[in-house]
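Have a look at the structure below before the remarks.
Residue numbers (UniProt numbering): 1 to 96.
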């Protein structure tokens, strides 16, 4: 029984590390992506100011899509945090 409790604790600990990586690296990637896109928008708007309204709409659309990808990662992390499917798989594998 002690082995099963140790296995559950190990799964929960590694899940916590995975959650941190999902949220941390997802946020880092989204911030870098939006920053690069914003700098390219400013660069292109400075070169051709007449295209600024069209480019601005596209930029905000893409910023929303980049942010949506990060929020999907956050939702997956919350699923792992509060309704961990890995624990039920371990429980059925150990016969408990």
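Cβ coordinates follow ideal geometry from the N, Cα and C atoms, glycine included.
On the criterion of 16 or more Cβ atoms from any shown chain inside 10 Å, does residue 73 qualify as buried, or is it exposed?
Taking the first residue of the chain shown as position 1, residue 73 is located at position 73. It is buried - the Cβ of residue 73 has at least 16 other Cβ atoms within 10 Å.
Alpha-carbon spacing of residue 12 relative to residue 87, whole angstroms
Here residue 12 refers to the residue found at position 12 of the chain shown. Here residue 87 refers to the residue found at position 87 of the chain shown. Rounded to whole angstroms, residue 12 to residue 87 spans 8 Å at the Cα level.
Helix, strand or coil for residue 48? Go by DSSP, reduced to three states.
Taking the chain shown and counting its residues from 1, one reaches residue 48 at position 48. DSSP places residue 48 in coil when its eight states are reduced to three.
Neighbour-count burial assignment, residue 70, 16 or more Cβ in a 10 Å radius:
Position 70 of the chain shown, counted from the first residue, corresponds to residue 70. Counting Cβ neighbours within 10 Å, residue 70 comes out buried, since at least 16 surround it.
Would you check if there are 3 or more beta carbon pairs closer than 8 Å linking the region 28-41 to the region 55-71?
yes
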